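Colleague:
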Amino acid sequence: MRTRDYLDGLTQLHRLADPEERRGVWRQSLATLGATIVNLQHPAPLEGLDPDDLLRSVERAREDKLLDDLDWLPGPFAAASLYEFAAALPPGDAKRDLGRLVFRRLHSGNASTFVALATRLALGRARVLSGPGVRARVALALDLPIGTGARADSLAYALISSTELRDEWLLRPAMGSLPSRRLAARLLERAAREAAQRAADGDASGVRVFRTPEVSAAWKRLLGDRESLVWRHVASARGLLSGSLPELEEQIHHNLSPSLSVTEWRRAAASLAASITVQPESALGACHRLLGSDLVAKDSGLPSALMLGLPRAAEREPEAVEELLELLVRDGSLPIAEVLLDLRRERLGEDFAAWAAQRARVQLREALAGDDREDEGKAALMIAVANELGERQVDAASSLPQMVADALGAFAEDGPVAAARMAQDILKATEERVTRLEDCDLGERVGRQTAFLALRELDAALLSTDGLVNLLVLQRRSESDSEADTRRTLGDLFQRLTNWLVIHEGEPLGPGEDATQFTLRIRRLQSFLHLVDADGQQVEPREHLLTARRVLTTRVLLTRLAHDHGKGLRRALCAASARAMDALVREEIAEISDVVIFAGDFATSAEDIRSISEASMMPEVERALDAYGALVRATETLDRGDRVLMAVEAIAKLATDLPVACSPRVEALRGSLNRLSRGLGTALRCDSLAELAERSSDTPLGDLEDYVVDLAQLVAGARRRLAMLDVDEPHSVATLRLMDVHVQRAIRTGGEALDDEAAAFVEAAQHDFPRAIADVLGATIRYIATLPADGPRSSRPSLLTATRKVVKMPAWMPPSRTLGGFYVTDTIGNGAGGSVFAAKRAGERHTARAELFALKVPDYSGAAARTLSEAEFLRLFREEAGALLALPDHPNIARFVTFDAGARPKPILVMELVEGPNIERLLETNDLTMARSLMLLEGVAAGLEAMHAIGVGHLDVKPSNIIVRQGELGEESPVLVDFGLAGRHMRPGCGTAEYGAPEVWGALPSDAATPVDVYAFCCMAFELVTNLCLFTADTELGMIGAHIEHDGVPEGVQMLTGFTETRRFARLLQAGLRRQPSQRASMAQIRAGLAEVRDELCTLPWPLVLAP
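So for the sequence shown, this note's numbering puts the first residue at 19; every next one is plus one.
1. If you check the beta carbons only, do V684 and I610 fall under 8 Å apart?
2. Mind checking which residues open and close the alpha helix (DSSP H) that includes M948?
3. With 16 other CB atoms within 10 Å as the buried threshold, where does S234 fall?
4. Tell me the DSSP bridge mates of Y101?
5. Using DSSP with H/G/I as helix, E/B as strand and the rest coil, what is I980?
6. For E14, list the residues DSSP reports as bridge partners.
7. Look at the Cβ atom of L663, then the Cβ atom of L702, and state whether they are nearer than 8 Å.
8. Cβ atoms of T804 and A782: under 8 Å apart, would you say?
9. Can you tell me whether DSSP reads A856 as helix, strand or coil?
10. Spatial neighbours of A736 within its chain, please: C-beta separation below 6 Å, excluding the five flanking residues on both sides.
11. So the candidates are L473, R578, H562; which of them puts its Cα closest to the Cα of R541?
12. Between the alpha carbons of R505 and A154, how many angstroms are there, rounded?
13. Enumerate in chain order the residues of its own chain whose CB-to-CB distance from A437 is below 6 Å, with the five nearest sequence positions on each side excluded.
14. Applying the criterion that 16 or more other CB atoms from any shown protein chain within 10 Å of the CB defines a buried residue, is P329 buried or exposed?
15. Which of helix, strand or coil does DSSP assign to K826?
16. Should G971 and A1027 be called a contact, given that it needs their Cβ atoms to be closer than 8 Å?
17. Locate the beta strand (DSSP E) running through I926, then write down its first and last residues.
18. Secondary structure at A919, three-state DSSP: helix, strand or coil?
19. So for Y841, helix, strand or coil by DSSP?
20. Apart from the five residues on each side of it in sequence, which residues of its chain come closer than 6 Å, Cβ to Cβ, to I294?
21. Use the C-beta contact count for A967: other C-beta atoms within 10 angstroms, 16 or more gives buried, fewer gives exposed.
22. Would you tell me roughly how many angstroms separate the C-alpha atoms of V146 and F95, rounded to the nearest one?
23. Can you say whether T821 is buried or exposed, counting buried as having 16 or more other CB atoms within 10 angstroms of its CB?
24. Going by the CB atoms, is the gap between W518 and L455 shorter than 8 Å?
25. With distance defined between alpha-carbon atoms, name the residue in R1082, T1075, L1108, V1032 nearest to Q1094.
26. By a C-beta neighbour count over all protein chains shown, 10 Å radius and 16 as the cutoff for buried, is D786 buried or exposed?
27. Where does N488 sit, in a helix, a strand or coil, going by DSSP?
28. Work out the CA separation of G720 and D907 for me, nearest whole Å.
29. Taking the alpha-carbon positions, what's the A868 to V854 distance?
30. Are the beta-carbon atoms of L274 and M325 separated by less than 8 Å?
31. Would you be able to state if there are at least three C-beta pairs under 8 Å between the region 180 to 198 and the region 216 to 236?
32. Roughly how many angstroms separate the alpha carbons of R852 and A921, rounded to a whole number?
33. For a test of the three-state rule: what should DSSP assign to L28, helix, strand or coil?
34. List, from N- to C-terminal side, the alpha helix (DSSP H) runs of 4 residues or more that fit wholly inside the region 591 to 632.
35. Considering only their Cβ atoms, is the gap separating V296 from S254 smaller than 8 Å?
36. Using DSSP's beta-bridge definition, name the partner residues of V227.
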């Protein structure tokens, strides 16, 4: 009878009157349905049957209690049949009841039952395959040895074929932790076996999924993984598919070309071995030829790599594999014995390769007998492998990996309850191994070997795989408290392992020192790598402890990388550092921008950067590190001509290769590097200091200073996230500012040596930035130091694209740059309570020589926020700006043009644009004399007196708000600018900390505007005479406190009273600095007083030195 006839019985059940006949038809139909689904993999066996008849049959089966007794049926058959039945029923109680039975079996069934049911769910209800319990079962099913018989191939194929499931099960894990990547790789291997089987059965369409861009990308990444625990599975998958995809067969043979590297050879060898499954004769012959080729002489690890592909071949062609083993075990090497041990653990049969295992044991023992055992780790490893290759003794204690394998077997045969019970025993044994590790005396040979073997077990059972973690997840949901305790126990174990490895692998090797006991050290470092790669939220529920552990391990590994002088462990150290930084990014403790800075800080060469990049499993991190590596290589030849420009171009490329819109800090670093590269390129294309000044929007080095400040802040923030203890304020900013002052002086005087200032910056930059960036900054500054003060402007070829100056506008600026009736051409800076722009009248925007104006818009800043809401701030801005209409036409006051309260998006205040240096810059460059200082003070006083005469105060008098204008005949006059706070009433919080009167900070109940100007003017007068601020403090609050505490005689003024020549000047300042606004002198009185003391002060040198 045909299968369909049996299945039709499921629609006839309700029509049968005899209970025994119904029972027989039910069992016959259900068994047929189960076999059709599980064995024949029919995707829709009940399609076409009447849902109403099926419903009536199910209801009759429920009445007969046939659904309560399915133990006669194999578990996979029962689960799959129930699912298919439920899927075919119309909505209702019966469908829901069957659904509950299905999910009960999903969580309670053994591996075969789970796989059968999960495969159907993956094809139909993919969203159900989520949650830790299901994920753990899928991972365990994929981890089962080949010999268990629970094949997860169809499930794996369904997971990578579904666009809904592919991202969760393949794409994201392919860039995740070691256990996640290993799961993704095994998924590809199992799916490849299913596709290869389908192709052998005549369905060649199954291989198409491996050609999709998403699967191909994950395939490529996992095949290139540094861990053989990962790449071996994808290499095997390539071999399994080589009979169906000719390009893969061609790729395997091409990658065995002598011109390629060991990396390609080993992966291709494993693929070649796996291809014995689909092309037994030709692949076996190719393996023989490979083992006899010159490649083996070049790479002694090639035979063991070939063995990594044998498990799948041994399943299908055991005789061919045993023939190949005859060649492989001949040399008796330890790597061959270790891979043979892995092959035996696949449980392909008690007799499979038993002779090879016995021969390998004898060879290892013979090698031990003739070895001087200087390498204690190698000797211990040989003993352990030899013992594990032997027959398992009933009364012998099991190793952790063996206990995990037994629990996997329990999951396969008996189900999750038995496996979870065994997992608790494994957890206790794991704690015992950690204690044993901690108790070992590494000063003795026995202690070192005991620790080595304990760490080997822990690595294999806890770090290299998540088998134990997944087994522990199998606990019943009612034991949620126990699950939380279990996760905390796991977290404690990871913390103890971290502490031990940090202590014993954290110290770098000194100069001329290389690792003794190489096997001990390299395996310990590999365990450290696996630790940082496997640790995570799945084993540590306490986020703060996980974060601290992640930061600690990263800092320890990177510090060792920076100071380790040994060569043998270098690549392993780079790989461990890469995985530690991957984990920081993966768990959002740090970002890609931080990784670039960390690598730049600690890696000592371009080769190190390349090794870290290759070991990273995150594509965006890899791309960013590759770009930084190119920068490091570019800095190796900075002393050669235009090589500095090439290095600057590498900085620009690094900015380009950072991900866009990834996070605020990554975006900040990308923008900072982009601006820095433009600024450095501009400086390097200048032929004189004067040209440099012309190309800058502010002072000659002002733009560079801004870029350096931005980058220095990002570097300091990254270093703090790594909990580095020596992070302090950047030194380079101050040194660059000092050099800027000297550059300006050199431009004015026609020449000045800048070598000392450049050297100071170079030294500071090495402290503030990663070395490659510091080198480029230093080379640029040294170049600037060699420039003449002035000279012809030459057009020199540049590797950087010559672009016109890019004007950075605030985000709120309209695309048209039109505010009111004015077109904004450039940014000038930030003034009191607002941002200042250069602007033309909108109708003259295309006129090159059109008059420029200073356009200011209100900017609600922290100073205003002390006492005002944003709405109050804008209202006062509109009200008080109207007072500027009454400003007199005065040579010491910038001309008022207009105020437009209705301009959008912000109101605007437009004034004359006064060009020239401000007094703050003259003070910084020491470009003053006593006579010039007094002339400037008198001019400012005249302007303020004129304003005060109409009742308007400037309210932000300070050196930076006074521009020294040069007349046509060379005469100078100071001009008050920046009237953003000007008005008839003082507003709390207006002004600047160094010059603000007590009432500005709310110490006195006064809103009079003009006394505030008098107070600020006297503070500035003291500064112009002495080149010292009258009030100084470490913080802004301390500065404000100094203004409030005195009553006209601060310390500096008190010192002036001690000299006959300055006593009258001191009394004048006292008159303007009184605490009470009503008691202060007027601006007219101050101006008259200045005229009286001018002659006696002009005889004094500038700056006036105040000696106690």
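Cβ atoms here follow ideal geometry from the backbone N, Cα and C, with glycine treated the same way. Being a predicted model, the structure only gives us computed values, none of them experimental.
Modeller: Once the coordinates are examined:
1. yes
2. 948 to 967
3. exposed
4. According to DSSP, Y101 bridges with nothing at all.
5. strand
6. The structure shown has nothing for residue 14, since the chain only spans 19 to 1126.
7. yes
8. no
9. strand
10. D612, I615
11. L473
12. 14 Å
13. A425, A428, F429, L489, L492
14. buried
15. coil
16. yes
17. 926 to 930
18. coil
19. strand
20. A301, L302, A331, E335, A338
21. exposed
22. 20 Å
23. In this prediction, T821 scores a pLDDT of 40, lower than 50, which makes its location untrustworthy; the coordinate-derived value is nonetheless stated afterwards. The residue in question, T821, is exposed, as its Cβ has fewer than 16 Cβ neighbours within 10 Å.
24. yes
25. V1032
26. buried
27. helix
28. 33 Å
29. 18 Å
30. no
31. yes
32. Arg is not the amino acid found at residue 852; the sequence shown has Gly there. When rounded, the distance between both Cα atoms is 15 Å.
33. helix
34. 610 to 620
35. no
36. In DSSP, V227 forms no bridge with anything.
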